[in-house]
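Protein chains in written order, with full-length UniProt numbering: chain A, 1 to 438; chain B, 1 to 438. Just so it is clear, CB atoms sit at the ideal spot from N, CA and C, and this is done for glycine as well.
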């Protein structure tokens, strides 16, 4: 009965997973265990990945044992790992929750690269989605905050997003599935707890099929968001030009739009202005008036609004950050970890391996300049950074946020988080291996 | 203190009301009384309109007395009227709530016409807006259901929409304002009550400035909705053509859009399809496949989706509805009320006055046909109905929903709800006056 509903949904909406190599992120809780049983029954090609965050002592270890047993019972390959989460969180000055999240996803992506998985599957469901919606609603948000958890983004797929916690519970009961109660679930944080145990039950009293309605609502909002994005892209092309890193917004074209404020907000929302009324007033202000944040200034200049960097230096003129040989970790302006390792795993965009003896210290971390070039991994020969950014379709904003890690002689080692330079690749002659991670 | 915040907001956001003639819809409850005091203090040109719905016996009468006294105290003109609401609701087979709403707004529009008011002001506030949002959310909705109550639509303006009930209460206290407690408020319907007294307080515990955040959210969503509308209008022009009342959607253009489903939904959402998955499947289906509702059929026809009427008759071939001389009210297919009256007030789009002796019975109510013409009020000479519809920019869907009231000799008396025909206008020679209202 429940099997049929679930199976039908998976087979009709996720048929693209059928011939793929799938990695299920499994905690041992009911949701991820049900997802595993379901896809196992439907004969998808799955493996399991379980993180032991060592946050709940013996309970965490028992979770790990449970996953190993499940793996044996179902004859599914399971990858497990243990993290010193608290220590990592302290070192990176992150909350435990964020640290666990970073550890988890970095590791999943590593496994994906190492063993050629096509997708990572998580067991998020409709209740999670509604909770996220309501949390964003209480905080104040725009359409993008109400479109909910995506079914697919990048390599992550969430096949259970259309099902409620209750349906998952029923499926587990009917199919006699065992799982591990997650103690942290019962004492989850105040906010989500209140929404889960107080607000959502109240809303369900008003409409017992709340989750079903909400799933439709969420899908409609995602569609509307996509239409907004299409229109904004079109308007961007029409009214914005870029001149040496400065965005120029054509005001006479802007004011011809049905709602210039709405469009200006959408065009500039990534730049973190807070005084939007002041921003809107610039449209009709005198030449020379401006609104600034720490990072950017929007300047009225005759028929244009110019978006400039507030510090007046172009990114290339900022002082580089120096990294000495003894630095094993920096946390400012970005988190960067240097580890001596013995073995190289496949790379992902969050970490690279280099031959330590090829590096000339001190290293520096700086923004890009005109004329920069590098030898991108996976490509033949050298390439201008400006050309690389253009090919990657990065916005002015994205480009300003990218750091280049350079050697003492200013050779680029890593376009951080994007692409490694081949010149520092480990070779068969490498004796000391250095792993760099963000 | 509170005066300053309110006054500043009104003066900076509603300055367009300053030189206008304004009619405040006033119940006697705290919200509308505060709005009245506030605009009175700010010296706006206001009058009051109060309906006594006679639903709460003596209490209703005391409300009316309260308004009359307030009018004297502040030296503001007040219009009051009494309705037999229950009787009207029974006759029109409407809920009491809907009947009161219809009576109220019809009368407000009548006053607006008769005394040349520019705007009708209502005292809806941020809590009302959030309640409406949450009600729609529980029912399941799209973006349009989450954009909330509009600040301005047509002639109705809601100056307090950015303020919370609490702020309004504080304003009343600080300014020593008296109002009438509305007994029906305390025992309001289950749904709104639960949202007001249980769900919103819970959400406020999570974020004390919930309403402020929500007001911003609501404004952002309205902006997104407008961007969606702009894009859909553009896409409509690009991919839809109209041929003798049939909409033709160009599939090869549709599938080039980023998300054909999202666009197809937006283009067709007024046609009340429920099986949207079936509708989407038509894009790739064989020629001849179709999806139908009671009213419409969407048919795959080679490279097009055709939107046709399900009953296969064109609207002009449907049987007209006959109205005999003794009919004083019909309720099917639309509500239409005929009253002998002695005095003519200014017309509005919901009612017309005709010279009863010019009518040849039986009248008929029918859809338009090619070749129909009439003598529209406010214009010189005659005009084809098709031309009139085109000038009014009506969609195929709108046109199908319009009724023509015709005399026995098939002369058009009224394009119902839109425009009267001059040939039946009362003149100085008129002895019997008939009022027709929807």
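Query: Could you pull out every residue in the same chain whose Cβ sits closer than 7 Å to the Cβ of residue 435/B, ignoring the five residues on either side in sequence?; Result: 339, 341, 351 and 353
Query: Fully enclosed by the segment 44-89 of chain A, which beta strand (DSSP E) runs are 3 residues long or longer?; Result: 45-52 and 78-82
Query: To the nearest angstrom, report how far apart residue 241/B and residue 108/A are at their CA atoms.; Result: 50 Å
Query: For residue 276/A, which three-state DSSP category applies?; Result: helix
Query: Quick one, which residues of the segment 157-173 of chain A are near chain D if we go by CB-CB under 9 Å, in chain order?; Result: Here chain D cannot be found, since the structure's protein chains are A and B.
Query: For residue 220/B and chain A, any beta-carbon pair shorter than 8 Å?; Result: yes
Query: Residue 365/A and residue 323/A: beta carbons closer than 8 Å?; Result: yes
Query: Kindly give me the distance between the Cβ atoms of residue 182/B and residue 27/B, rounded to whole angstroms, as I take these residues to be in contact under 8 Å.; Result: 6 Å
Query: Is there at least one Cβ from chain A nearer than 8 Å to residue 5/B's Cβ?; Result: no
Query: For residue 340/A, which three-state DSSP category applies?; Result: strand
Query: According to DSSP, what are the bridge partners of residue 297/B?; Result: 292/B and 308/B
Query: Does the beta-carbon of residue 194/B have 16 or more other beta-carbons within 10 angstroms, so that it is buried, or is it exposed?; Result: buried
Query: Measure the Cβ-Cβ separation of residue 421/B and residue 375/B and say whether it is below 8 Å.; Result: yes
Query: Would you say residue 265/B faces chain A, with C-beta separation under 8 Å as the test?; Result: yes
Query: For the beta strand (DSSP E) that residue 209/B lies in, which residues bound it at each end?; Result: Counting along the chain, residue 209/B falls outside any beta strand (DSSP E), and DSSP gives it neither H nor E.
Query: Does the beta carbon of residue 187/A sit closer than 8 Å to a beta carbon anywhere in chain B?; Result: In this prediction, residue 187/A has a pLDDT of 47, which is less than 50 and means its spatial position is unreliable; nothing more can be read from the coordinates.
Query: Could you give the uninterrupted runs of the alpha helix (DSSP H) lying entirely in the UniProt domain "Lysidine-tRNA(Ile) synthetase C-terminal" (363-436) of chain A, keeping only those of 4 residues or more?; Result: 385-391 and 396-400
Query: Using the rule of at least 16 other Cβ atoms within 10 Å of the residue's Cβ for burial, across every protein chain shown, is residue 287/B buried or exposed?; Result: exposed
Query: Are the segment 114-126 of chain B and the segment 153-163 of chain B touching by the rule of at least three beta carbon pairs closer than 8 Å?; Result: yes
Query: How is residue 351/B classed by DSSP in three states: helix, strand or coil?; Result: strand
Query: Does the segment 47-54 of chain B come into contact with the segment 14-25 of chain B, if we say contact requires no fewer than three beta-carbon pairs (one atom in each stretch) closer than 8 Å?; Result: yes
Query: For the candidate residues 115/A, 285/A, 17/A and 51/A, whose alpha-carbon lies nearest to that of residue 103/A?; Result: 51/A
Query: Less than 8 Å between the beta carbons of residue 280/B and residue 223/A, yes or no?; Result: no
Query: Counting only C-beta atoms, is residue 81/A closer than 8 Å to chain B at any point?; Result: no
Query: Sorted by chain position, which residues of the same chain lie with C-beta nearer than 7 Å to residue 238/B's C-beta, five sequence neighbours on each side aside?; Result: 253
Query: Determine the direct distance from the alpha carbon of residue 260/A to that of residue 167/A, and round the result to whole angstroms.; Result: 45 Å
Query: Helix, strand or coil: which one does DSSP assign to residue 187/B?; Result: Model confidence at residue 187/B stands at a pLDDT of 47, short of 50, so the residue's coordinates are unreliable and nothing is read from them.
Query: Where does residue 20/A fall in DSSP's three states?; Result: coil
Query: Check the Cβ of residue 228/B against every Cβ in chain A and list those closer than 8 Å, keeping chain order.; Result: 224, 227, 228 and 231
Query: If we call anything under 8 Å between Cβ atoms a contact, is residue 299/B one with residue 306/B?; Result: yes
Query: Verify the CB distance criterion: does residue 214/A have a CB-CB separation below 8 Å to chain B?; Result: yes
Query: For the segment 195-210 of chain A, list every residue whose C-beta sits within 9 Å of some C-beta in chain B, in sequence order.; Result: 195, 198, 199, 202, 203, 204, 205, 206, 207, 209 and 210
Query: I want to verify the contact list: residues of chain B whose CB lies under 7 Å from the CB of residue 262/A, in sequence order.; Result: 223, 226 and 227
Query: Counting along the chain, where does the beta strand (DSSP E) carrying residue 249/A start and finish?; Result: 246-250
Query: Any residues in the segment 362-387 of chain B with a beta carbon nearer than 8 Å to a beta carbon of chain A? Which ones, in chain order?; Result: none
Query: State yes or no: is the C-beta of residue 27/A nearer than 7 Å to some heavy atom of the ligand GDP?; Result: The ligand GDP is not part of this structure, which contains no ligands at all.
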